[in-house]
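*Asks:* Protein sequences appear in the order of chains G and E.
Residues in the first sequence are numbered from 1 upward in steps of one, following our numbering.
Residues in the second sequence are numbered from 1001 upward in steps of one, following our numbering.
Backbone N, C-alpha and C fix where the C-beta goes; we use that ideal spot for every residue, glycine too.
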Amino acid sequence: MMTQSQSDEASSPRPPLTGLEGGALGLQRPRGPIWRTTRPIRAVLVAAAGAGTLAAVVWTAAHGAVEPYVALTFCLVIAVGELARITLPGHREVAPIASAGAISYAFLVSLGDVPVEHSASQVVAVVGLGLALGELPHVAVGRSPRLEDLARRVLAVILIAVAFRPLVTQLSLTEPSVRVTLLMASLVLLTWLVDAVMAGVLRAERLRTNLLVAVRDEVRAQFATGAAIGASGVLIALACTVTGLVGLLVFSAPLLVSQVAFRRHAEVRRTYLETVRALSRVTEVGGYVENGHSRRVSHLAHGIACELGFSEAQLLELEYAALMHDIGQLSLREPIAGGATVLASPREQRRIAELGSAIIRETGVLDSVAEVVRRQCEPLAGDGDEGVPPLGSRIIKVANAFDDLVGENGDDERRAAVLERLRMDTESEYDPRVVDALATVLVRA
Amino acid sequence: MRALPGGARVYVGIIVVSAVTIVLVGPYSGIDLKTLVLVAVLFVVAESISTIVVSNGKMGMSPSSAVSLAAIVLVGPVGAAVVGFASCLTIRKQILVKRAFNGAQFALAAYAAGHVYLLCGGTVGEPVREDFPMILLPYVAAVITHTVVNSALVGVLMWTLGAVRARRKSPIHWRPLVAVELSSIGYQMLGLAIAAVWGGVGIIAPLLVLLPLFIARWTFAQQADEARAHEATLATLCQAVETKDYYTRGHCMRVAEGAAMIARELGMPAERVQKIRYAGMLHDIGKLGVPTKVLQKTGKLTDDEYAAIKLHPTRGYEIVREISFLDEALAGIRHHHERLDGRGYPMGLVGMEIPESARVISVADVFDCLTSTRSYRKAWSVEDAITELRACVGTQFDGRMVEALVRAVEREGWKTPDIAEPPGGCYEAAEKAVGRTGEPAAEGSAPAPAEAVPGGRDR
């Protein structure tokens, strides 16, 4: 654990990840000394988890472990679960089986007839070792874990173990009962809330977005996995009091099915996004727009939207809309010169937007995306009596104009000039809030 | 289900009567009434909720069967039959016959599984510590019996309804089936969990057990929705690209279907069929880089124009290569214009060097080209097209793929495009200008060798 957290700090100014969620705008993040990181909260959390685990391991080694075979079994199950970790939509890494195993080890009060009285530090040590063991093969093939997610897994267990283990001896809990179950359930709930808040803080720090929005996103995203993990963890602990260690193995199986479901879902999500990303390039290949235009617009729009506090679902919708905003050009007989829609006549712009929106609406599932695309070129006050266009449309309008005017490799000077030009049009064309957000995003990048 | 065939009526009657008999005869000695009622309520709840959640026809897992199995352990075969029969009371819209059959079928499956459980040495009642791990053996036997009896009862019903016979006789794909069965057995192990903690914490246990179950089902349903959305988006975008050329409307969808038919006929696993289908849909996406006037040119192509067309598989590959799940099907897009004799493009691969997916898509592509109208010729009939494909086996196509397509088309038919004539009716004029290249090549009025074979010219 410790080596991992150290190596994390060494590489804290990470190279940008490929996905939007991975800090799209950190393209040129300043490299600095290792103690100067752009994400201090993450570093603190990872360091805390690492230090906690190390302390627990040392403590346990010094005082000796009780029930070593039980500990070993749980350690192995946790390792296997960590080995089978999955990445959910939005780059969220979870390991349901490892987490459920860890929670049940923390909640274990007896095995068959034998009361189990391991200390909180033993729980943390076993879980830490199990996680490290499970990560080894991943690290060996170069798939290092997302450290903040790993740290959250550890911290959640630390929380539960520290709260629950002392109670075992104080209240001499050995039998499954309604009282014990309720206690466990409320502890799990509490931990889950704390964990969601932690994740939200990390997300807000990473995407530079509103904290409340980020926490809400995390609560929503982790609801399903959290409930499955928590319920299984409590269940395994309760079942083990009757069935002994067999319970751990047997009752991990159903969670495996949930895990398959989660994994499939994540795969479909990823494929969907990849498909839209790939197909958004058809306009480039067809010579309708400049190379990389759709992606740059989508990156910029993402940054702006984070700045304006978009929720995750809204971000996804906006990303689709931004990627496909020029798709209407496919219906044009010949590409417009240079592909820059900002230079086309308003009538033509509107036609492209409407053609594109019609194509997207055709899918039958992306109606709100189609709406954003349809109204992307309207002036600030909107067209006709429809009122102000959606914020997504206003963002795409600004991002698109910016990218069209700056081009593929504009320098800082040009960026500043273009930004100034957009600012001058904030009376009628561009939303001043969006332009301000764009300025913030540009300064950071 | 409105008008049941006679056979099905008799069958449903037999099943329902035998289930009712079991429930009525008992014996009910030694069954804790409170437990029985609680388990039955739980079963009804599980069964009712499951219908709301599942919109995915493919996954036939039911959390209620876990409860049914818990009932076997807690209240024995007869009690489990009662619990199973309680599914008649589920809160959902269902006609009476279906309700009765469902209940009876659950009752019989549970009853049979219960007896197998007893035979293998299982004991009825809340399991105590001494029962573990020995209880696993009878329990697993019960799970398997439950699954088998259930499938058999439903299978026979389908058979009496004539639903199974109407299906094609193509080989059953075992892998997905086994995967579904295994995961459902995984779920049913939860029944033992319910039974094991029932004594300690009572009704809270099933809540704990059912929560992850419902979440998994919900996730599966979401995944199915999203997969559908993905499919719709992909199809729409492909069609949007096609609008450039009036004649190729619907081409990508038909090639996707054709390629999937061939792949299925060759017995490929469902996942791979799906990938090849998507690749078929996307195979011409690179045409977007080819100027419209070249695509729609009616006369002979110049070398430069032909070179521009030759680029489209590579262009297409470049667009879609980031769609990681397509993996090997990507090669199908890149090489769908290769020929077995090595005279294809872009790389001139020979024989089995050409990836399998490309050989599949190539046949489907040319078949659809031939059976639809082009700017330079009329559509061919399916029979003519098949003759032409067969004539090109060995030089252009892999015989296995062609024969698979023929078999599939014979069985399932082929939907030819309904575009007879574009606005303006320009293809007649075009046909005269080109010198009737549209006639089957077999007739001898063959143009230059590169174009004698349909795929050479049809882009």
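Starting from the beta carbon of V285 of chain G, find every residue of chain E whose beta carbon is closer than 9 Å, and list them in chain order.
*Replies:* On the first sequence, residue 285 of chain G is found 285 positions in, with the first residue counted as 1. Within 9 Å Cβ-Cβ: I1285, G1286, L1288, G1289, R1315, G1316, E1318 and I1319.
*Asks:* Please go through the stretch 1203–1246 of chain E and give each complete beta strand (DSSP E) segment of 3 or more residues, from N-terminal end onward.
*Replies:* Qualifying beta strand (DSSP E) stretches: none in this window.
*Asks:* Three or more C-beta pairs under 8 Å: does that hold for the stretch 1334–1345 of chain E against the stretch 1395–1403 of chain E?
*Replies:* Yes, they touch.
*Asks:* With a threshold of 7 Å on Cβ separation, who are the neighbours of A1193 of chain E within its own chain once the five nearest residues in sequence on each side are excluded?
*Replies:* Working through the second sequence from its first residue, we reach residue 1193 of chain E at position 193. Closer than 7 Å at the Cβ level, and outside the excluded window around A1193 of chain E, lie V1209.
*Asks:* Let me know the secondary structure DSSP gives L1330 of chain E once reduced to three states.
*Replies:* Along the second sequence, read from residue 1 onward, the residue named residue 1330 of chain E stands at position 330. Helix, per DSSP.
*Asks:* Between the alpha carbons of E354 of chain G and I360 of chain G, how many angstroms are there, rounded?
*Replies:* Numbered from 1 along the first sequence, position 354 holds the residue referred to as residue 354 of chain G. Numbered from 1 along the first sequence, position 360 holds the residue referred to as residue 360 of chain G. Straight-line Cα distance between these residues: approximately 10 Å.
*Asks:* If we ignore side chains and look at the alpha-carbon of each, how far apart do L976 of chain E and P1346 of chain E end up?
*Replies:* For chain E, the structure presents residues 1001 to 1459; residue 976 of chain E sits outside this window and is missing.
*Asks:* Which stretch, first to last residue, makes up the beta strand (DSSP E) that contains V94 of chain G?
*Replies:* Taking the first residue of the first sequence as position 1, residue 94 of chain G is located at position 94. It spans R92 to V94 - the beta strand (DSSP E) in which V94 of chain G sits, taken as one unbroken run.
*Asks:* Count the other C-beta atoms from every protein chain shown that fall within 10 angstroms of the C-beta of E317 of chain G, then say buried if there are 16 or more, exposed otherwise.
*Replies:* As a working mapping, residue 317 of chain G is identified with position 317 in the first sequence. E317 of chain G should be labelled buried.
*Asks:* Reducing DSSP to helix, strand and coil, say where I1031 of chain E ends up.
*Replies:* Within the second sequence, the letter at position 31 stands for residue 1031 of chain E. Reduced to three states, the DSSP call for I1031 of chain E is coil.
*Asks:* How would you list, in chain order, the residues of chain G whose beta-carbon sits under 7 Å from the beta-carbon of S1324 of chain E?
*Replies:* In the second sequence, counting from the first residue as 1, residue 1324 of chain E sits at position 324. Ordered by position in chain G, the residues that pass the 7 Å Cβ test against S1324 of chain E are E274.
*Asks:* Within a Cβ cutoff of 6 Å, which residues of the same chain sit near K1287 of chain E, ignoring the five residues on either side of it in sequence?
*Replies:* Numbered from its first residue, the second sequence carries residue 1287 of chain E at position 287. Excluding sequence neighbours, K1287 of chain E sits near H1312.
*Asks:* Within 10 Å of its beta-carbon, does S357 of chain G have 16 or more other beta-carbons around it, so buried, or fewer, so exposed?
*Replies:* Reading the first sequence from its first residue, position 357 is the one you call residue 357 of chain G. It counts as buried.
*Asks:* Would you please state the rounded distance, in angstroms, between the beta carbons of L111 of chain G and L245 of chain G? I believe it to be under 8 Å.
*Replies:* For the purposes of this step, residue 111 of chain G is taken as the residue at position 111 of the first sequence. For the purposes of this step, residue 245 of chain G is taken as the residue at position 245 of the first sequence. At roughly 6 Å, the Cβ-Cβ gap stays under 8 Å, so L111 of chain G and L245 of chain G are in contact.
*Asks:* Among E:E1353, E:V1124 and E:E1231, which one has its Cα closest to the Cα of A1071 of chain E?
*Replies:* By one-based count along the second sequence, residue 1071 of chain E stands at place 71. Here the closest residue by C-alpha is E:V1124.
*Asks:* Report the three-state DSSP secondary structure of R1377 of chain E (helix, strand or coil).
*Replies:* In the second sequence, the residue the question calls residue 1377 of chain E occupies position 377. R1377 of chain E: strand per DSSP, three-state reduction.
*Asks:* Using a threshold of 8 Å, state whether the C-beta atoms of G1200 of chain E and V168 of chain G are closer than that.
*Replies:* The count along the second sequence starts at 1 and reaches residue 1200 of chain E at position 200. The count along the first sequence starts at 1 and reaches residue 168 of chain G at position 168. No, Cβ-Cβ distance for G1200 of chain E and V168 of chain G is not below 8 Å.
*Asks:* Which class does V1393 of chain E belong to by DSSP, given the choice of helix, strand or coil?
*Replies:* What you label residue 1393 of chain E is simply residue 393 of the second sequence in a count that begins at 1. Strand.
*Asks:* Quick one: Cα of I1022 of chain E to Cα of L1108 of chain E, how far?
*Replies:* Residue mapping note: residue 1022 of chain E aligns to position 22 of the second sequence, counting from 1. Residue mapping note: residue 1108 of chain E aligns to position 108 of the second sequence, counting from 1. In a straight line, the C-alpha of I1022 of chain E is about 8 Å away from that of L1108 of chain E.
*Asks:* Cβ-heavy atom distance between A1331 of chain E and the ligand SAM below 7 Å?
*Replies:* This structure lacks the ligand SAM, and indeed carries no ligand of any kind.
*Asks:* With DSSP as the reference, please indicate the residues paired to P115 of chain G in a beta bridge.
*Replies:* The residue you call residue 115 of chain G lines up with position 115 of the first sequence. Bridge partners of P115 of chain G: G:S110.
*Asks:* Leaving out five residues before and five after G1026 of chain E in sequence, what residues of the same chain have Cβ atoms less than 8 Å from its Cβ?
*Replies:* If you number the second sequence from 1, residue 1026 of chain E lands on position 26. Counting only Cβ-Cβ distances below 8 Å, and skipping sequence neighbours, we find V1078.
*Asks:* Would you say L1211 of chain E reaches chain G, if we count a Cβ-Cβ gap shorter than 8 Å as a contact?
*Replies:* Residue numbering aside, residue 1211 of chain E sits at position 211 when the second sequence is read from its first letter. Yes, contact with chain G.
*Asks:* Please confirm if A1227 of chain E has its CB atom under 8 Å from at least one CB of chain G.
*Replies:* For this step, residue 1227 of chain E is matched to residue 227 along the second sequence. Yes, A1227 of chain E counts as interfacial toward chain G.
*Asks:* Can you pull the chain E residues whose beta carbon is under 7 Å from the beta carbon of V239 of chain G, in chain order?
*Replies:* Within the first sequence, numbered from 1, the residue matching residue 239 of chain G stands at position 239. Per the sequence shown, residue 239 of chain G should be read as Ala rather than Val. Those within 7 Å of A239 of chain G in chain E are A1193, A1196 and V1197.
*Asks:* Could you check where the alpha helix (DSSP H) with I86 of chain G kicks off and where it finishes?
*Replies:* On the first sequence, position 86 is the one that residue 86 of chain G refers to. Element bounds for I86 of chain G: not the alpha helix (DSSP H) but the beta strand (DSSP E), I86 to L88.
*Asks:* Return the residue from the list G:S428, G:H325, G:G384 and G:R85 that minimises the CA-CA distance to S368 of chain G.
*Replies:* Indexing the first sequence from 1 puts residue 368 of chain G at position 368. S368 of chain G has its Cα closest to that of G:H325, out of G:S428, G:H325, G:G384 and G:R85.
*Asks:* When you compare the CB of T363 of chain G with every CB in chain E, is at least one pair closer than 8 Å?
*Replies:* In the first sequence, residue 363 of chain G corresponds to position 363, counting from 1. Chain E, which has a Cβ nearer than 8 Å to the Cβ of T363 of chain G, makes this yes.
*Asks:* Just verifying my parser: in three-state terms, what is the DSSP assignment at F1325 of chain E?
*Replies:* Reading the second sequence from its first residue, position 325 is the one you call residue 1325 of chain E. Helix.
*Asks:* Residues of chain E with CB under 9 Å from S177 of chain G, in chain order?
*Replies:* Counting from 1 along the first sequence, the entry for residue 177 of chain G is found at position 177. Per Cβ cutoff of 9 Å: G1200 and V1201.
*Asks:* Secondary structure at E1130 of chain E, three-state DSSP: helix, strand or coil?
*Replies:* Reading the second sequence from its first residue, position 130 is the one you call residue 1130 of chain E. Note: E1130 of chain E maps to helix in three-state DSSP.
*Asks:* Which class does Q376 of chain G belong to by DSSP, given the choice of helix, strand or coil?
*Replies:* Your numbering for residue 376 of chain G matches position 376 in the first sequence. Here Q376 of chain G sits in coil by DSSP.
*Asks:* Count the other CB atoms, across all protein chains shown, that sit within 10 Å of the CB of G64 of chain G; report buried if there are 16 or more and exposed otherwise.
*Replies:* Here the question's residue 64 of chain G lines up with position 64 in the first sequence. So G64 of chain G counts as exposed.
*Asks:* Per DSSP, what kind of secondary structure is K1300 of chain E in: helix, strand or coil?
*Replies:* By 1-based counting over the second sequence, the position of residue 1300 of chain E is 300. Residue state, collapsed to three classes: coil.
*Asks:* Under three-state DSSP, which class holds A1433 of chain E?
*Replies:* As a working note, residue 1433 of chain E is residue 433 in the second sequence. Residue placement at A1433 of chain E cannot be trusted, given a pLDDT of 37 that sits under 50; what the coordinates show is reported in the next sentence. DSSP places A1433 of chain E in helix when its eight states are reduced to three.
*Asks:* The alpha helix (DSSP H) with A239 of chain G in it runs from where to where?
*Replies:* What you label residue 239 of chain G is simply residue 239 of the first sequence in a count that begins at 1. Looking at the DSSP string, the run of the alpha helix (DSSP H) that includes A239 of chain G is L211 to T243.
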